[in-house]
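One line per chain: the protein sequences are A and B, in this order. FYI, the numbering for the first sequence is 4 to 114, going by my numbering. FYI, the numbering for the second sequence is 10 to 122, going by my numbering. As C-alpha cells, the structure follows; a few thoughts come after it.
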Amino acid sequence: SQKIEQNSEALNIQEGKTATLTCNYTNYSPAYLQWYRQDPGRGPVFLLLIRENEKEKRKERLKVTFDTTLKQSLFHITASQPADSATYLCALDAGFQKLVFGTGTRLLVSP
Amino acid sequence: DGGITQSPKYLFRKEGQNVTLSCEQNLNHDAMYWYRQDPGQGLRLIYYSQIVNDFQKGDIAEGYSVSREKKESFPLTVTSAQKNPTAFYLCASSIEHRGSEAFFGQGTRLTVV
Numbered sequence: 004s005q006k007i008e009q010n011s012e013a014l015n016i017q018e019g020k021t022a023t024l025t026c027n028y029t030n031y032s033p034a035y036l037q038w039y040r041q042d043p044g045r046g047p048v049f050l051l052l053i054r055e056n057e058k059e060k061r062k063e064r065l066k067v068t069f070d071t072t073l074k075q076s077l078f079h080i081t082a083s084q085p086a087d088s089a090t091y092l093c094a095l096d097a098g099f100q101k102l103v104f105g106t107g108t109r110l111l112v113s114p
Numbered sequence: 010d011g012g013i014t015q016s017p018k019y020l021f022r023k024e025g026q027n028v029t030l031s032c033e034q035n036l037n038h039d040a041m042y043w044y045r046q047d048p049g050q051g052l053r054l055i056y057y058s059q060i061v062n063d064f065q066k067g068d069i070a071e072g073y074s075v076s077r078e079k080k081e082s083f084p085l086t087v088t089s090a091q092k093n094p095t096a097f098y099l100c101a102s103s104i105e106h107r108g109s110e111a112f113f114g115q116g117t118r119l120t121v122v
C-alpha cells in the first residue's frame, strides 16, 4: 500500500541546534516533494519544494534533500529558534495533481 | 487581497444531519482540494478538482460529496453516511501545474453531537 511516514513523536531540541525531520514514502514515484509548516488551529503554509532531479534545496535556514533511491526526504532547520516550534508536514505528488500529505512531525525548540 | 476563505470557522451539527462547508478562492487557481485532519494526525485527502465541473475522489471520500460549478468555489458536504465526521477540515488551492504550492484556508472545525 502507499504510505508517507514521518516521525510521530515530537522532536525536542535546544535553541541554536539543527533540527532534522524525516519523510519516508513507499509505493509512490513523486516528481516532487514539498514541505509545509502548520501552527495549531491553522492551515499549513508552504515552505519548500524539491524536484526528483534535485538532490538538495536551500532557503535561508532551511535545507531539504531528496533521495529517490532511498525514497526519503530530509528537512533541516539550522540555528533553530523557539519560533520554529510547529508541526512540519511533507507532501508529494501522487500523479494528476493529487497532493498527499504525511502524518507530520511536531518540533519543539526550547530556549 | 487574494486568498482562500473557509467558512464557518466552527460548526456544530446534530448526528444524522448533512452539513456543507464553504471554500472560496480568488487566486484564479484551477486546482482545489479538501482534506480532513484529526487530532495529532496528518492531512488525509477527501476530494480534489483540477478543473471546473470535474473532481476526483481522494483516499477517504466515503460519506462526503463535492461540487465544482465555479472556478472560485468548491463546497464540501459531509453527509449522514460519514461515520465519524467530527474533525478539522482544510481546503486548499493551487495553480494547474505540477509542483505548484498549495494555499490553504484557515480551516473549519466541525463537531457533530
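All C-beta atoms, glycine included, are put in the ideal place defined by N, C-alpha and C.
Beta carbon of residue i nearer than 8 Å to that of residue j
i	j	result
A:G98	B:G116	no
B:F97	B:I13	no
B:T29	B:T86	yes
B:E105	A:Q37	no
B:T88	B:N27	yes
B:E81	B:E33	yes
A:T23	A:L77	yes
Outcome for residue i when other beta-carbon atoms lying within 10 angstroms are tallied against a minimum of 16
i	result
A:R109	buried
A:L73	exposed
B:S16	exposed
A:Q9	buried
A:D96	buried
A:R61	exposed
A:G107	buried
A:A89	buried
B:G51	buried
B:Q91	buried
A:V112	buried
A:G44	exposed
B:V122	exposed
Nearest residue (CA-CA) to residue i, options the options
i	options	result
B:K18	B:V121, B:G114, B:Q34	B:G114
B:L137	A:Y91, A:V112, A:I7, A:L111	Outside the displayed range of chain B (10 to 122) lies residue 137 of chain B, so it cannot be described from this structure.
B:D63	A:Q100, A:T25, A:G105, A:T106	A:Q100
B:I60	B:S102, B:G12, B:S31	B:S102
A:F104	A:C26, A:I80, A:G44	A:C26
A:P85	A:Q75, A:S76, A:K20, A:S32	A:K20
A:S4	A:E18, A:A13, A:Y28	A:Y28
A:Y39	A:P33, A:S32, A:L52	A:L52
B:S76	B:P84, B:A70, B:I69	B:P84
A:D42	A:A22, A:L36, A:L92, A:D70	A:L92
B:W43	B:N37, B:G49, B:S31, B:Q50	B:S31
B:E78	B:A40, B:Q91, B:R45, B:D68	B:A40
A:L102	A:L77, A:T81, A:Y35	A:Y35
B:Y57	B:L99, B:P48, B:L20	B:L99
A:N56	A:D70, A:R64, A:F49	A:D70
B:G108	A:R54, A:L14, A:V48	A:R54
A:L50	A:P114, A:D87, A:S11	A:D87
B:P48	A:R64, A:P33, A:A94, A:S11	A:S11
CB contact below 8 Å: residue i versus chain B
i	result
A:L110	no
A:L102	yes
A:Y35	yes
A:G105	yes
A:L52	yes
A:D42	no
A:F49	yes
A:L92	yes
A:D87	no
Any C-beta of chain A under 8 Å from that of residue i
i	result
B:F143	Summary: the structure shown does not reach residue 143 of chain B, with chain B confined to residues 10 through 122, and so no result is reported for it.
B:Y56	no
B:A90	no
B:R77	no
In DSSP terms, what residue i is bridged to
i	result
A:T21	Note: A:T21 sits in no beta bridge, so no partner.
A:H79	A:T23, A:K66
A:I7	A:Y28
B:Q34	B:I13
A:A124	Residue 124 of chain A is absent from the model: chain A starts at 4 and stops at 114.
A:E57	Answer is none; A:E57 lacks a bridge partner.
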